[in-house]
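Student: The structure's right below; bear with me while I get my questions together.
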Amino acid sequence: HIAGRQRGDYYNTSQHLIELTEGRNTSEAKVRLWIETLLGQECVGTTHQWLRSGAVLCRLINAVNPGLIEPSTVSESAEPMRQRSNIKQFLDCCGEMGLHEGDRFLIDDLYSNRDMKQV
Numbered sequence: 172h173i174a175g176r177q178r179g180d181y182y183n184t185s186q187h188l189i190e191l192t193e194g195r196n197t198s199e200a201k202v203r204l205w206i207e208t209l210l211g212q213e214c215v216g217t218t219h220q221w222l223r224s225g226a227v228l229c230r231l232i233n234a235v236n237p238g239l240i241e242p243s244t245v246s247e248s249a250e251p252m253r254q255r256s257n258i259k260q261f262l263d264c265c266g267e268m269g270l271h272e273g274d275r276f277l278i279d280d281l282y283s284n285r286d287m288k289q290v
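Start counting at 1 in the sequence shown, then tack on 171, and there's your number in the numbering used here.
Next up, the structure:
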């Protein structure tokens, strides 16, 4: 049981994340809309600009699985080390939710805009 959610809800949401990364339903517009809907906020700028700090991704994890990332550990700073730390927290939580390491993007895929398709 996960705070406020039944096991089936967690599985369905987690499974949806996995399906997004497996090449099903991965158009950028659909992913952005899904994130905007879950967070209740509009994407500002390009997807890379919006996600680069990792803060949006951390909020996304908490929208899917409340409390998985302690909000006080998420930085809104423009400092590269803090932004990379946010991205790492997101990726670590994806692993905790069952997404295999080989299916996850690398920090620099997002941070340095090396492979946004993988993101």
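Virtual Cβ for every residue (Gly too), placed ideally from N, Cα, C.
If you compare alpha carbons, which of D263, N284, T217, G216 is closest to I232?
Tutor: D263
Student: Do the CB positions of C229 and F261 come within less than 7 Å of each other?
Tutor: Going by beta carbons, C229 and F261 fall inside the 7 Å limit.
Student: Between which two residues does the alpha helix (DSSP H) harbouring D280 extend?
Tutor: 278 to 282
Student: Spatial neighbours of T218 within its chain, please: C-beta separation below 7 Å, excluding the five flanking residues on both sides.
Tutor: E199, R203, M287
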